[in-house]
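Novice: Here you go, one structure.
4 protein chains.
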Amino acid sequence: MELNHAILLLACPDTLGVVARISHFIFERRGNIVNLDQHVDPEEKMFFMRVEWSLENFSIPLSDLEEAFAPLAKEFKADWKIELLGVKKPKIAIFVSKYSHCLLDLLWRIETKEINCEVPLIISNHPDLAHIASQHNIAFEVLPINKENKPEQEKKQIALLQEYKIDLAVLARYMQILSESFVEEFKYKIINIHHSFLPAFIGSNPYKQAKDRGVKIIGATSHYATADLDEGPIIHQDITRISHRDSLNDLVCKGRDLERIVLSKAVRMHLENRILIYGHKTIIFEA
Amino acid sequence: MELNHAILLLACPDTLGVVARISHFIFERRGNIVNLDQHVDPEEKMFFMRVEWSLENFSIPLSDLEEAFAPLAKEFKADWKIELLGVKKPKIAIFVSKYSHCLLDLLWRIETKEINCEVPLIISNHPDLAHIASQHNIAFEVLPINKENKPEQEKKQIALLQEYKIDLAVLARYMQILSESFVEEFKYKIINIHHSFLPAFIGSNPYKQAKDRGVKIIGATSHYATADLDEGPIIHQDITRISHRDSLNDLVCKGRDLERIVLSKAVRMHLENRILIYGHKTIIFEA
Amino acid sequence: MELNHAILLLACPDTLGVVARISHFIFERRGNIVNLDQHVDPEEKMFFMRVEWSLENFSIPLSDLEEAFAPLAKEFKADWKIELLGVKKPKIAIFVSKYSHCLLDLLWRIETKEINCEVPLIISNHPDLAHIASQHNIAFEVLPINKENKPEQEKKQIALLQEYKIDLAVLARYMQILSESFVEEFKYKIINIHHSFLPAFIGSNPYKQAKDRGVKIIGATSHYATADLDEGPIIHQDITRISHRDSLNDLVCKGRDLERIVLSKAVRMHLENRILIYGHKTIIFEA
Amino acid sequence: MELNHAILLLACPDTLGVVARISHFIFERRGNIVNLDQHVDPEEKMFFMRVEWSLENFSIPLSDLEEAFAPLAKEFKADWKIELLGVKKPKIAIFVSKYSHCLLDLLWRIETKEINCEVPLIISNHPDLAHIASQHNIAFEVLPINKENKPEQEKKQIALLQEYKIDLAVLARYMQILSESFVEEFKYKIINIHHSFLPAFIGSNPYKQAKDRGVKIIGATSHYATADLDEGPIIHQDITRISHRDSLNDLVCKGRDLERIVLSKAVRMHLENRILIYGHKTIIFEA
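Chains as they are written, first to last, in the working numbering: chain V, 412 to 698; chain P, 412 to 698; chain E, 412 to 698; chain Y, 412 to 698.
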């Protein structure tokens, strides 16, 4: 695990000297760059960069870092953010309904430190998975949803996210659609798993749709939740082969193995600040 | 290569004794079953089977085989066909426009005997690939297509397919849409390659569509051509990973490697009589 | 889940009429074949088959089935066994050391009924995973192993397997090597997971070996345990890509996702009687 | 295609300021960095980098570039080289025996500009593929090899490589082993394809070895040729699934699809200066 690292994510129009000037900024303050990954999109004429540096001998206080960097960013007309790794653990809330596989997989990866975060809160519209929360000493809030109570229940959900100071909400096969206002309030702070290879089989019952169409491969897609359902920036996708021998239940079983891996990877990429969103697409700076 | 084998493809309502009765039919006539693959769809309550047997000591003339089998098939209310392998080579025609990769790949596999057939005819709407036809001693017919001449040119294409006694037409990145009547005339005898993971990105420029959507995986799909474009029974699909670093041209390059493998496999499966079509889906009896 | 099915696994020299005669045997007794998969190895001139049939209207008692079939099997000089599905649940014992991922994955698949068996017993040489056994109400027996006590501890292990009437032992990253006599006593009833793509990186620390060699892909292999370590019949393998960026710990993390999937699949194939062993190789009749 | 780009490949002990100082060096001379990819190996405490910059407005002559950079490299105790893209096309020689698939694939990718190089020379120990060379207007030199004439024939091969000013030799299923002195003379300038997933199945007949062992996956590996056969730095690997149904010939067919893709990718990576060799391993800076 990287301890006491700073990470800069930056997007700006492509210009001469961005790498040189920014790496010099860090070097001047005695930051040791451990990872620099950049990409120029020649069609968009945009420059994208992720820089990670050690704060071990960093010569300015962290509280002054953003202010110190702002003038340079302004000069490059950049969208940017700086995140600190290792200073404090990010907190995630996991939303579930009745399926346990994504939840269990996330918890296991967090406990083995493959994903570095805390899970103080699980929110569900059903009580079924309470025992898992209890085994892991996590608060479990049941908020059943129907057409009438949805606005009111979402208010409670938002209040819980604020109370627990949640940095990221993970929809781990949560079978409810969040309202536009909820999604806007936590823009790019909600990750969903859709059990198809988007944009194929948008909407409900994608495995049923896949079986009906007779495809030979099924998939899963993790993406940021946006107001347009299943249209958010895609983070990760994976697939597996199927054949005519597979029943709908076989598809569900095979799909579960994809869903948990695809969702967990997205959560990790997000928490390691490896995702830069540009337009409605993501740039993933892989480890 | 299997020489002098017969292959029965059969679909019927699931009943007691189909395997026993049919394998007995073959055994009685001294056919040695080298491959039997069957599948029961429990939801549709349908039975599907492919049986391949050696004709080495077969006790009845091939010309009598279909008549001999017909009563049994009728009893089971079966859709069925019997094909012979090794008796005569099937003939395929390849339709192309300007891209050579699928054509070259098919020709190479045919020459190495990975695919067992003859290619007497290549049809194109452009003259660009004439040199390849010439290097391989294949007739190359250029039939340019525009809105006005399409019906008339298709008539010529159909006449060519008949003249050359073509068993299967392969659309190897042929950039034209065949008319409904053409497709009907050669029902399930035309295989197309679509350069996306169907049903995602139906229609034109699927790589452009994929880039615009920001997917992390692209694919290719081979399918039987039907009147509904890109809706025919899917035979084979494959995918490859892409990232934000890939330009549109990179997608095209990566996609070409998929297209040629996915199309060639479909052609081979068809020619080995491994594909049974039921409804708008395929059952593929893999080797 | 199939209830009340019989499964015949059979290997014999390739002869005329095996399918016909055996399917007739089943048909005569009113068994409805739901799955028949066979394979002829033309080099070995051997015939291999798996037949699964419904016992719903089967006309002879199960207790007479083996005796009834024996003469036919003898005629074909066959190695064979008949197993019943759904009559009683098979019992497995899971051997572990300190790693939880394979154990957790197996338990989760068993609880979701993806794998159909009972787990009455977990055996470990360390106490670390006792809490998992306890959460799932499974007996947890700690038998620490060292050079001196190994024969004696193995006797206790064998006694436990007998006491619990265990049908299959699964070594879920159990870090000890079983003695030759142990393995012989449970021949082809012990499945192991090796964390490499066998036969590459046999022995200890395969991830370290992989990193040192600079391979671009790592793998995992499930196989039957035999006296020759890592030389048993291979059941299933899978791989994942790595790069120079991956530390040894990254390899371990990526490998865990392979190990659990590759081991669970092997266990499922075994319990569904889909594995026929011939020589030191397996024939897997895939679902 | 990138035109007129310079590429620096550099390895040095990890120190503060390498990125900053080097990117500043380029920036000062008005080079626009289009790609910078670096990696720190925390165990080896080594820093590795690939920087690619446009020479459009570069302020110093290319002939002075290496001299100008040398002092900085010396300060960092770096191994380094600078290559130019687009200034002149690299020249490759392809060594073949009787198999055409890797040769055809390379030629096709070069003609479609997926790989940017010239092929003035094909060397073979058999005359079989002469027609392909002739169709593509490439010199084809037949140098049959046996125990006695090997040293003398290798001298001729080396002379040919020098005469044609060859930058890279590609062993495209060339069935001969090059002598140690040959390999040393063209150190890291010879790429080989081995038809197995190294280090599994080193040596001859790897598909036979794979079939005998009963593996469920086969692979192919491209690597730099070194004196130790099949032990050179690995560049790229890929795999495909097989089953008990696959005959040895099926393995050969499936393997061919791997071999050509794995070899072509290695050649492209090399020619784009994306490969840094450290110890006996490669660091691949992916596009």
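For each residue, glycine too, the CB sits at the ideal point set by N, CA and C.
Any chance you could list the beta strand (DSSP E) runs of at least 3 consecutive residues sitting entirely within the stretch 588–637 of chain P, in chain order?
Specialist: With a minimum length of 3 residues, the continuous beta strand (DSSP E) runs that stay inside the stretch 588–637 of chain P are 601–605, 628–635.
Novice: For tyrosine 689 of chain P, which beta-bridge partners are listed by DSSP?
Specialist: On the second sequence, residue 689 of chain P is found 278 positions in, with the first residue counted as 1. In the DSSP output, where bridge partners are listed per residue, tyrosine 689 of chain P has P/Lys692.
Novice: Since asparagine 443 of chain E meets chain P, which of its residues come closer than 7 angstroms, beta carbon to beta carbon?
Specialist: Stepping through the third sequence from its first residue, residue 443 of chain E is reached at position 32. Correct list: Leu427.
Novice: State yes or no: is the beta carbon of valine 626 of chain E nearer than 7 angstroms to at least one beta carbon in chain Y?
Specialist: Here the question's residue 626 of chain E lines up with position 215 in the third sequence. Closer than 7 angstroms: yes.
Novice: Does DSSP put aspartate 578 of chain P in a helix, in a strand, or in coil?
Specialist: Taking the first residue of the second sequence as 1, we reach residue 578 of chain P at position 167. Of the three classes helix, strand and coil, the one that applies to aspartate 578 of chain P here is coil, per DSSP.
Novice: Quick check on aspartate 475 of chain Y: buried or exposed, where buried means 16 or more other Cβ atoms within 10 Å of its Cβ?
Specialist: As a first step, residue 475 of chain Y is located in the fourth sequence; it is residue number 64 there, counting from the start. That one is exposed.
Novice: Closer than 8 angstroms between beta carbons: that is the criterion. Which residues of the stretch 605–622 of chain V meet it against chain P?
Specialist: If the cut-off is 8 angstroms between Cβ atoms, the stretch 605–622 of chain V has Phe608, Leu609, Pro610, Ala611, Phe612 near chain P.
Novice: Using the Cα positions of glutamate 413 of chain E and leucine 514 of chain V, report the straight-line distance between them to the nearest angstrom.
Specialist: Mapped onto the third sequence, residue 413 of chain E falls at position 2. Mapped onto the first sequence, residue 514 of chain V falls at position 103. Low local confidence applies: a pLDDT of 46 at glutamate 413 of chain E is under 50, so the model's placement there is unreliable, and no value is given.
Novice: Along the stretch 639–660 of chain Y, where does the CB come closer than 7 angstroms to a CB of chain P? Name the residues.
Specialist: Correct list: Arg656.
Novice: Considering only their Cβ atoms, is the gap separating aspartate 641 of chain Y from isoleucine 613 of chain Y smaller than 7 angstroms?
Specialist: The sequence position of residue 613 of chain Y within the fourth sequence is 202, counting from 1. The sequence position of residue 641 of chain Y within the fourth sequence is 230, counting from 1. The answer is yes: Cβ separation under 7 angstroms.
Novice: Name, please, each residue of chain Y whose Cβ falls closer than 8 angstroms to the Cβ of isoleucine 694 of chain V.
Specialist: For the purposes of this step, residue 694 of chain V is taken as the residue at position 283 of the first sequence. Here the premise fails: no neighbours, minimum Cβ distance about 14 angstroms.
Novice: Inspect the beta-carbon positions of arginine 671 of chain V and aspartate 516 of chain V and report whether they are closer than 7 angstroms.
Specialist: Against the first sequence, residue 671 of chain V aligns to sequence position 260. Against the first sequence, residue 516 of chain V aligns to sequence position 105. Yes, Cβ-Cβ distance for arginine 671 of chain V and aspartate 516 of chain V is below 7 angstroms.
Novice: Leaving out five residues on either side along the sequence, give the residues of the same chain with a beta carbon under 8 angstroms from the beta carbon of phenylalanine 480 of chain V.
Specialist: Within the first sequence, numbered from 1, the residue matching residue 480 of chain V stands at position 69. Counting only Cβ-Cβ distances below 8 angstroms, and skipping sequence neighbours, we find Leu419, Phe436, Trp491, Ile493.
Novice: With DSSP collapsed to three states, give me the class of asparagine 660 of chain E.
Specialist: Locating residue 660 of chain E in the third sequence gives position 249, where the first residue counts as 1. Of the three classes helix, strand and coil, the one that applies to asparagine 660 of chain E here is helix, per DSSP.
Novice: Of the choices E/Lys576, E/Asp578, E/Pro610, E/Tyr510, whose alpha-carbon is the least far from that of aspartate 639 of chain E?
Specialist: Position 228 of the third sequence, counting from 1, holds the residue named residue 639 of chain E. Cα-wise, what sits closest to aspartate 639 of chain E is E/Pro610.
Novice: On the DSSP bridge list, what partners appear for glutamine 449 of chain P?
Specialist: Here residue 449 of chain P refers to the residue found at position 38 of the second sequence. The partner list for glutamine 449 of chain P (beta bridge, DSSP) reads P/Met460.
Novice: Residues of chain V with CB under 8 angstroms from serine 470 of chain Y, in chain order?
Specialist: The residue labelled residue 470 of chain Y in the question sits at position 59 within the fourth sequence. By Cβ distance, chain V contributes nothing, its closest Cβ being about 12 angstroms from serine 470 of chain Y, past 8 angstroms.
Novice: Applying the 10 Å Cβ sphere with the 16-neighbour rule, what's the burial state of serine 434 of chain V?
Specialist: By 1-based counting over the first sequence, the position of residue 434 of chain V is 23. When all chains shown are included, serine 434 of chain V counts as buried.
Novice: Under a Cβ-count criterion, where at least 16 other Cβ atoms within 10 Å of its own Cβ denotes burial, should glutamate 595 of chain V be classed as buried or exposed?
Specialist: Your numbering for residue 595 of chain V matches position 184 in the first sequence. Exposed is the call here.
Novice: What are the boundary residues of the beta strand (DSSP E) that phenylalanine 436 of chain Y is part of?
Specialist: Against the fourth sequence, residue 436 of chain Y aligns to sequence position 25. Per DSSP, phenylalanine 436 of chain Y belongs to no beta strand (DSSP E); it is in the alpha helix (DSSP H), 429–439.
Novice: From glycine 625 of chain Y to phenylalanine 459 of chain E, what distance separates their C-alpha atoms?
Specialist: Working through the fourth sequence from its first residue, we reach residue 625 of chain Y at position 214. Working through the third sequence from its first residue, we reach residue 459 of chain E at position 48. Their Cα atoms are separated by approximately 16 angstroms.
Novice: Please confirm whether phenylalanine 438 of chain V and glycine 428 of chain Y have their CB atoms less than 7 angstroms apart.
Specialist: Start at 1 with the first residue of the first sequence, and residue 438 of chain V comes out as number 27. Start at 1 with the first residue of the fourth sequence, and residue 428 of chain Y comes out as number 17. It is a contact, given that the beta carbons lie within the stated cut-off.
Novice: On the three-pair Cβ rule with 8 angstroms, is the stretch 528–535 of chain P touching the stretch 560–578 of chain P?
Specialist: Yes, the stretch 528–535 of chain P is in contact with the stretch 560–578 of chain P.
Novice: Histidine 681 of chain E versus chain Y: which residues are under 7 angstroms apart at the beta carbon?
Specialist: The residue given as residue 681 of chain E occupies position 270 in the third sequence. Residues of chain Y passing the Cβ test: none, with the nearest at roughly 15 angstroms.
Novice: With contact counted as at least three CB pairs below 8 angstroms, one residue from each stretch, are the stretch 494–502 of chain V and the stretch 499–507 of chain E in contact?
Specialist: Result no; under three Cβ-Cβ pairs closer than 8 angstroms.
Novice: Where does the unbroken alpha helix (DSSP H) through isoleucine 521 of chain V begin, and where does it stop?
Specialist: Taking the first sequence and counting its residues from 1, the one referred to as residue 521 of chain V is at position 110. Taken as a continuous stretch (DSSP letters only), the alpha helix (DSSP H) holding isoleucine 521 of chain V covers 512–522.
Novice: Would isoleucine 444 of chain P and valine 430 of chain E be called neighbours here (beta carbons separated by less than 7 angstroms)?
Specialist: By one-based count along the second sequence, residue 444 of chain P stands at place 33. By one-based count along the third sequence, residue 430 of chain E stands at place 19. Against a cut-off of 7 angstroms, the Cβ pair of valine 430 of chain E and isoleucine 444 of chain P comes out as a contact.
Novice: With DSSP as the reference, label alanine 677 of chain Y as helix, strand or coil.
Specialist: For this step, residue 677 of chain Y is matched to residue 266 along the fourth sequence. Looking at alanine 677 of chain Y - three-state DSSP - the assignment turns out to be helix.
Novice: Just to confirm my understanding: we take leucine 447 of chain V, look at its own chain, exclude 5 residues before and 5 after, and list those with CB closer than 8 angstroms. What are they?
Specialist: As a position in the first sequence, residue 447 of chain V is number 36, starting the count at 1. Taken in chain order, the residues that qualify are Val430, Ser434, Met460, Arg461, Val462, Glu463.
Novice: Serine 535 of chain P to leucine 589 of chain P, Cα distance in whole Å?
Specialist: Position 124 of the second sequence, counted from the first residue, corresponds to residue 535 of chain P. Position 178 of the second sequence, counted from the first residue, corresponds to residue 589 of chain P. Spanning the two alpha carbons is a distance of roughly 13 angstroms.
Novice: Is there a Cβ from chain Y that is less than 7 angstroms from the Cβ of alanine 417 of chain P?
Specialist: Counted from its first residue, the second sequence places residue 417 of chain P at position 6. Cβ-Cβ to chain Y under 7 angstroms: no for alanine 417 of chain P.
Novice: Check for me: the alpha helix (DSSP H) holding glutamate 478 of chain P runs from which residue to which?
Specialist: As a position in the second sequence, residue 478 of chain P is number 67, starting the count at 1. Per DSSP, glutamate 478 of chain P belongs to the alpha helix (DSSP H) from 473–486.
Novice: What are the boundary residues of the beta strand (DSSP E) that serine 535 of chain P is part of?
Specialist: What you label residue 535 of chain P is simply residue 124 of the second sequence in a count that begins at 1. Here the beta strand (DSSP E) through serine 535 of chain P covers 529–535.
Novice: Using a threshold of 7 angstroms, state whether the C-beta atoms of histidine 647 of chain P and lysine 676 of chain P are closer than that.
Specialist: Walking along the second sequence from the start, residue 647 of chain P turns up at place 236. Walking along the second sequence from the start, residue 676 of chain P turns up at place 265. Yes, they are a contact pair.
Novice: Would leucine 447 of chain Y pass as an interface residue toward chain V - the criterion being a Cβ-Cβ separation below 7 angstroms?
Specialist: Residue 447 of chain Y sits at position 36 when you count from the first residue of the fourth sequence. True, the Cβ-Cβ gap to chain V drops below 7 angstroms.
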